[in-house]
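Input: a single structure, listed below in structure tokens.
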Ligand SMILES: Cc1cc2nc3c(=O)[nH]c(=O)nc-3n(C[C@H](O)[C@H](O)[C@H](O)COP(=O)(O)O)c2cc1C
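Numbering (our numbering), first residue to last: 1 to 442.
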């Protein structure tokens, strides 16, 4: 079978997309606390045959900059964060084939709780659930969730490994044929086909039996986006969809190979894991129309957006630094958030001690940095190049505003990709696994 792209919508149960400026866009809907807001997005993605819509999450708003939330509240910098699993279900009720993904942290929840939430979504959605596994990275999250500090980077992944053993253990603890529900015989389920997990480990204890029978997909699809060495090892072991952060083709090809090698090293089939890379697209019927849209979009981001979001992602207070003051070695080492972002700034600036200005320009945080801007052919050409040359297996499409970004992508780019045979014409099955060609776990 010819290889075709996997398409994921990068969603936020928030007042903005991953770009803080999106709420300021003249075409953004502002009723982000209504179910209909998310349902329209879901219907749009489904019209474009997206495999999955997934909601990101953090357990704190961005208040790392200056140690205060006032700037973020005033400027609407990703401050509203609804519970993504509840929002996911609202979107699921308005769609029939779209996969439904949400983010949940292995650092701050109990595995039993997460296993039950996503198993429930899988049942209620007829087998469309996916869980984006994150380890969480900044202090605001720790303080909201009863901890004094963020645990060390690699140890969070060690804990996440154990978390996954518990979650997947519970998910498999009802045999697929355990449930009977026979009113005549009075047998509800076969007792010998429901097993207790009895997990006692370094970080977690969970006895079972689990309270949700085997789900339509066998278990929900697992997503992960670790970029560091340890993160990739974790993803190689567990993930069925992997998100990558984008960048030039050569960088993506290296990352693609490294991730696929990790999957093989973990004894799994690399073809059974979809690596999707982050893209911002600004598209229209013609290139010049798209360029006009982009010119307007570029007027929307504020410098404070970048400073606040950098402080959040790197868990470092950028208010302590002047714009052109180099970071000291100790400050660089103290960055405990997305370390690959820090390393990219060192590499691209050619400086061991970059400045705040370097961080802002190189990461493009808060801006549609490196957005693909164009008409159907321009955008499809770029996506085709990344896909065909094995920079990725598909895309996590991020929006400059909602629902307009997705409507533009679906109306202008999807038909062009389909015409080229790069993207499916319709869903192949009912469940997310069927649509991704993923095997049902044993
Ligand atoms: C497309 C994409 C989506 C992500 N979504 C989230 C998220 O919702 N919540 C979160 O805490 N981290 C999110 N991350 C960050 C990753 O989970 C991870 O922490 C990051 O890529 C750094 O990798 P590392 O943890 O291996 O250092 C996302 C990353 C990417 C590329």
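Yeah, the Cβ is synthetic: ideal placement off N, Cα and C, and Gly gets one too.
With a threshold of 6 Å on Cβ separation, who are the neighbours of residue i within its own chain once the five nearest residues in sequence on each side are excluded?
{"i": "residue 20", "result": "77, 78, 305, 366"}
{"i": "residue 116", "result": "212"}
{"i": "residue 280", "result": "368, 371, 398"}
{"i": "residue 374", "result": "287, 290"}
{"i": "residue 48", "result": "410, 414"}
{"i": "residue 164", "result": "238"}
Quick one: is residue i buried, meaning 16 or more other Cβ sit within 10 Å of its Cβ, or exposed?
{"i": "residue 334", "result": "exposed"}
{"i": "residue 182", "result": "exposed"}
{"i": "residue 256", "result": "buried"}
{"i": "residue 378", "result": "buried"}
{"i": "residue 325", "result": "exposed"}
{"i": "residue 33", "result": "exposed"}
{"i": "residue 351", "result": "exposed"}
{"i": "residue 262", "result": "buried"}
{"i": "residue 323", "result": "exposed"}
{"i": "residue 403", "result": "buried"}
Only counting the same chain, and skipping five residues up and downstream in sequence, which positions put a Cβ closer than 8 Å to that of residue i?
{"i": "residue 46", "result": "95, 96, 97, 98"}
{"i": "residue 193", "result": "174, 175, 177, 178"}
{"i": "residue 207", "result": "196, 197, 198, 199"}
{"i": "residue 72", "result": "61, 62, 63, 65, 78, 79, 308"}
{"i": "residue 426", "result": "49"}
Out of the options, state which residue places its alpha-carbon closest to the alpha-carbon of residue i.
{"i": "residue 197", "options": "387, 112, 420, 349", "result": "112"}
{"i": "residue 39", "options": "82, 290, 89", "result": "89"}
{"i": "residue 246", "options": "138, 12, 230, 275", "result": "275"}
{"i": "residue 372", "options": "103, 398, 389", "result": "398"}
{"i": "residue 30", "options": "80, 415, 220", "result": "80"}
{"i": "residue 136", "options": "156, 180, 128", "result": "156"}
{"i": "residue 74", "options": "85, 82, 61", "result": "61"}
{"i": "residue 284", "options": "107, 442, 414", "result": "414"}
{"i": "residue 106", "options": "128, 263, 142", "result": "142"}
{"i": "residue 226", "options": "318, 56, 243", "result": "243"}
{"i": "residue 354", "options": "127, 321, 148, 130", "result": "321"}
{"i": "residue 68", "options": "312, 32, 170", "result": "312"}
{"i": "residue 441", "options": "303, 272, 343, 395", "result": "272"}
{"i": "residue 172", "options": "12, 309, 217, 412", "result": "217"}
{"i": "residue 376", "options": "191, 424, 282, 293", "result": "282"}
{"i": "residue 83", "options": "340, 124, 101, 13", "result": "13"}
{"i": "residue 400", "options": "4, 27, 8", "result": "27"}
{"i": "residue 144", "options": "114, 126, 124, 108", "result": "108"}
Return the chain-ordered list of same chain residues with a C-beta closer than 7 Å to the C-beta of residue i, the five sequence neighbours on each side being excluded.
{"i": "residue 349", "result": "358, 362"}
{"i": "residue 384", "result": "420, 422"}
{"i": "residue 434", "result": "428"}
{"i": "residue 168", "result": "219"}
{"i": "residue 150", "result": "137, 138, 139, 142, 315, 336"}
{"i": "residue 204", "result": "111, 162, 163, 166"}
{"i": "residue 154", "result": "230"}
Can we count residue i as close to ligand 2, meaning its CB is less than 7 Å from some heavy atom?
{"i": "residue 203", "result": "By its list of ligands, the structure shown excludes ligand 2, since it contains just ligand 1."}
For residue i and residue j, which I take to be in contact (beta-carbon distance under 8 Å), what is that distance rounded to the nearest angstrom?
{"i": "residue 406", "j": "residue 44", "result": "5 Å"}
{"i": "residue 241", "j": "residue 221", "result": "6 Å"}
{"i": "residue 100", "j": "residue 91", "result": "7 Å"}
Output yes if chain D places a C-beta closer than 8 Å to the C-beta of residue i; else output no.
{"i": "residue 109", "result": "Going by chain labels, chain D is absent from the structure shown, which holds only one protein chain."}
Three or more beta-carbon pairs under 8 Å between the stretch 108–122 and the stretch 202–220, yes or no?
-> yes
Count the CB pairs spanning the stretch 381–395 and the stretch 328–344 that are closer than 8 Å, and state whether there are at least three. no
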